[in-house]
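**Student:** Handing you this structure, nothing more for now.
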DNA sequence: ATCCTCCCCTAC
DNA sequence: TAAGGTAGGGGAGGAT
């Protein structure tokens, strides 16, 4: 059942997504809020004579920049005009640049830094492209000397209270890890819902059926986007297709190195691992997150430093990260597959295993027919290529994908497995990494053919009992591990090994607290409790130089960890804070030597499943009282350690809630009748929830017999009947994740939500917020097109409401695309 | 024997 | 400058 069914009030389920929006509040956003609350008040005239146009996504957002300009005497243009003096952008595809003429393109930090220092800074230091002509600015600005921002605040280390947020919004590895976990959860959640519908399957009726009758042997598909980050980036940079391209933070393989840096690099040179070898003091140590196949041909690999990559491939082009784009594309990828089957094991944001046995049999398709269909669909929806591999198990499917890449498909048939496997290099087997490869090399084993004839004893002696056994099976193409559609978390952790340079013990403690808060909130997101806390430290190795070669990197380190296990699950963040500080003390490491820290929570237990109605209520309450919501914890056996498989969970958390309430009530008021306690508890609930609870727990009699039915809460009478839209006041960057979440978590859009959203957009039109409407409509169209027809209808309803607002305000409609390819077919 | 803690390794 | 995270499998060796 949809968690939003039944009640049409202000809460409506969107409230529980508040965490998403609150999670990412940048310093600037706070600054903006400050500005927004006193909008009428002008703060300065820094930007007198400046008229900006914002192009593309920026941070702060366009909307925020608009407010900042208003507050500081500048002008904000929605469209480029002769009087536009600057274009503000964070990154622009080259195509657009040509069209922008001679108006300088400046980074948004020009605005924010100017405000910070309360004077107009020279925009030329903030040009987005340094090769841009600066000779013909529309207005001549005096050259302001480089401002004296105090240096420690400029270089962001973990001493900065906003470091975690800043780091996460730039970390590719963090993104990969968190997206992967989200998609595993996404599949698990969909499988938990009783209803299943696969609208995509209709399309399968249109593709040619297999001539032969399709056998029912199991077929596993492995699907993987080709150099994911690059492909997403090339969607808007078609002129770079076919060229060696890398996604990196740095734009240039060479940097203007300081003497200190050159020295640091030289000092560290002899200890750098092999993949860092070809660097000198002037080459960039920004890592290549993803590179195109053209770059791979030159020997460039993911994870390499840009400086090293450019030595191998001098004409390599760099493009910036586009985290929103990766999320969008992977969302479309998953939504596409999910419209055919839920027999999916999510591996990461761009990769999954799918059991397609049923699809092939039911629709009598050949593997090739299906592969072509699904690859085309993904390509046309995302603009990004993918490869597919097919086999009888996950190993075979995966190795098939390797052969299929790039942009291809390969079916490893059972009769070919033996021959095919013999040629595979051991390095290509999943589970064989750097260390294992070295050991195998030492044994003289390079291909699976070599391993096939090796002895189990030798392999096990060298690699361990388990790994030895596995690799012998793998070498023959066997894989007994079935696809895992249901994924249960065993640990939650947060770890930072970058930017750790503490100047005092206090800074170190503060950072530990931030990390603690981070893991705690993630644990709550997955509705779990933990009994074990582990602190992990990276400590400068005794013989490693104090200055690392890589800017704020961890350098050569020793890795240490220590844990404590508690008898009861932790129910308070402060317990985590306490434990990690204790652990840190016991580990006896000077804070100056720290180069990395992490907290892991394990020995997890599920909190009891929560009644959605009650949960909403509790969350509302906790928001009011500003105490973090405490999910109800499952009952535990009273004696002995809980062991695997002995977890007990109450049937319904509501009964748990009642029980705990009763316990606390009867402690304070001894000798109280059960009925009275029930009435007490009921009194706490708002009217609309109370009715539901009374019914669910058969409390009608109690209420009827009770001295008097609990009076409706006062606020019911005093509260104004008009409800405020849950979206009002949200910036687009805040609203967008909410919409994402909505679309990914609901099989069908509910009428209530659609109306509410449409109503919000109608209001936006009335408020003349056309810019946000355009972005929103574009987004909705793009994203809804990858969902099924119910969503298409929802999209049209939202558009209709928006157009009503437009007509009311402007007497004209907004131009929006209303058609979806799939609707034209049907 | 079996469990627990502290590692190491791998994958994306 | 640069953003080297995160989860799971498994093993060595000590504790029980």
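In UniProt numbering, the protein residues as written are 1 to 826. The beta carbon of each residue, even a glycine, is placed where N, CA and C say it ideally should be. Just so it is clear, the structure is predicted and the values come from calculations on it, not from any experiment.
1) Inspect the beta-carbon positions of residue 321 and residue 172 and report whether they are closer than 9 Å.
2) Measure the alpha-carbon distance for residue 142 versus residue 500 and round it to whole angstroms.
3) Looking at the unbroken alpha helix (DSSP H) that takes in residue 62, where does it start and where does it end?
4) Nearest-angstrom Cα distance between residue 479 and residue 53?
5) Expressed to the nearest angstrom, what Euclidean distance is found between the alpha-carbon atoms of residue 462 and residue 538?
6) Quick check on this structure: which residue in 575, 548 and 476 has the alpha carbon closest to the alpha carbon of residue 512?
7) Under the three-state reduction of DSSP, which class applies to residue 309: helix, strand or coil?
8) By DSSP, does residue 551 sit in helix, in strand, or in coil?
9) What is the DSSP secondary structure of residue 502, reduced to helix, strand or coil?
10) Taking 9 Å as the threshold (C-beta atoms), are residue 424 and residue 447 in contact?
11) Does residue 339 pass the burial test, meaning 16 or more other C-beta atoms within 10 Å, or should it be called exposed?
12) So, residue 573 versus residue 517, is the Cβ gap smaller than 9 Å?
13) Starting from the C-beta of residue 31, find all residues in its chain whose C-beta is less than 7 Å away, skip the five residues before and the five after it, and write them out in chain order.
14) Return helix, strand or coil for residue 353, following the three-state DSSP convention.
15) Can you look up residue 131 in the DSSP assignment and give me helix, strand or coil?
16) Determine the DSSP secondary structure at residue 577, reduced to helix, strand or coil.
17) Please state the DSSP three-state secondary structure of residue 206.
18) Assuming residue 191 and residue 486 make a contact with CB atoms under 8 Å, what is their CB distance in whole Å?
19) Starting from residue 262 and walking both ways along the alpha helix (DSSP H), at which residues does that stretch end?
20) How big is the Cα-Cα spacing for residue 552 and residue 596?
21) Look up residue 325 in the DSSP assignment and say whether it is helix, strand or coil.
22) Would you please state the rounded distance, in angstroms, between the beta carbons of residue 606 and residue 530? I believe it to be under 8 Å.
23) What would DSSP say about residue 390, mapped onto helix, strand or coil?
24) Can you name the start and end residues of the beta strand (DSSP E) that residue 559 belongs to?
25) By Cβ distance below 6 Å, which residues in the same chain neighbour residue 460 in space, the five residues on each side in sequence not counted?
26) With distances taken from CA atoms, which of 110, 393 and 408 is nearest residue 417?
27) Are the stretch 281-288 and the stretch 200-218 in contact at 8 Å, needing three or more beta carbon pairs?
28) With distances taken Cα to Cα, identify the nearest neighbour of residue 769 among 728, 748, 739 and 380.
29) Would residue 432 and residue 443 qualify as a contact pair, given that the criterion is a beta-carbon distance under 9 Å?
30) Determine the contact status of residue 389 and residue 231, defining contact as a CB-CB distance below 9 Å.
31) Please list, in chain order, all residues of the same chain as residue 836 whose beta carbon is under 8 Å from its beta carbon, the five residues on each side excluded.
32) Nearest by alpha-carbon distance to residue 561: which of 524, 346, 601 and 548 is it?
33) Between the C-alpha atoms of residue 498 and residue 163, what's the straight-line distance to the nearest angstrom?
34) Which residue's Cα is closest to the Cα of residue 90: 319, 420, 360 and 804?
35) Roughly how many angstroms lie between the CA atoms of residue 521 and residue 224, to the nearest whole one?
**Tutor:** The structure says:
1) yes
2) Because residue 142 carries a pLDDT of 36, less than 50, the predicted location of this residue cannot be relied on, and the following value inherits that uncertainty. Straight-line Cα distance between these residues: approximately 38 Å.
3) Residue 62: member of the alpha helix (DSSP H) spanning 62-71, first to last residue.
4) 57 Å
5) When rounded, the distance between both Cα atoms is 28 Å.
6) 575
7) Residue 309: helix per DSSP, three-state reduction.
8) coil
9) coil
10) Residue 424 sits close to residue 447, with the two beta carbons spaced by under 9 Å.
11) buried
12) It is a contact, given that the beta carbons lie within the stated cut-off.
13) The predicted model places residue 31 with a pLDDT of 42, which falls under 50 and marks its position as unreliable, so this point remains unresolved.
14) strand
15) Caution is warranted here: a pLDDT of 46 is assigned to residue 131, below 50, making its placement in the model unreliable, and no coordinate value can be reported.
16) helix
17) coil
18) 7 Å
19) Taken as a continuous stretch (DSSP letters only), the alpha helix (DSSP H) holding residue 262 covers 259-268.
20) 11 Å
21) helix
22) In fact, because the Cβ distance is near 11 Å, the residues do not count as touching under 8 Å.
23) strand
24) That run of the beta strand (DSSP E) goes 557-565.
25) 468
26) Closest option to residue 417, Cα to Cα, is 393.
27) no
28) 728
29) no
30) No, the pair does not count as a contact, with Cβ atoms beyond the cut-off.
31) Since the first residue shown for the chain is 1 and the last is 826, residue 836 is missing from the structure and cannot be characterised.
32) 601
33) 10 Å
34) Distance check between residue 90 and each of 319, 420, 360 and 804 places 319 closest, using alpha-carbon atoms only.
35) 31 Å
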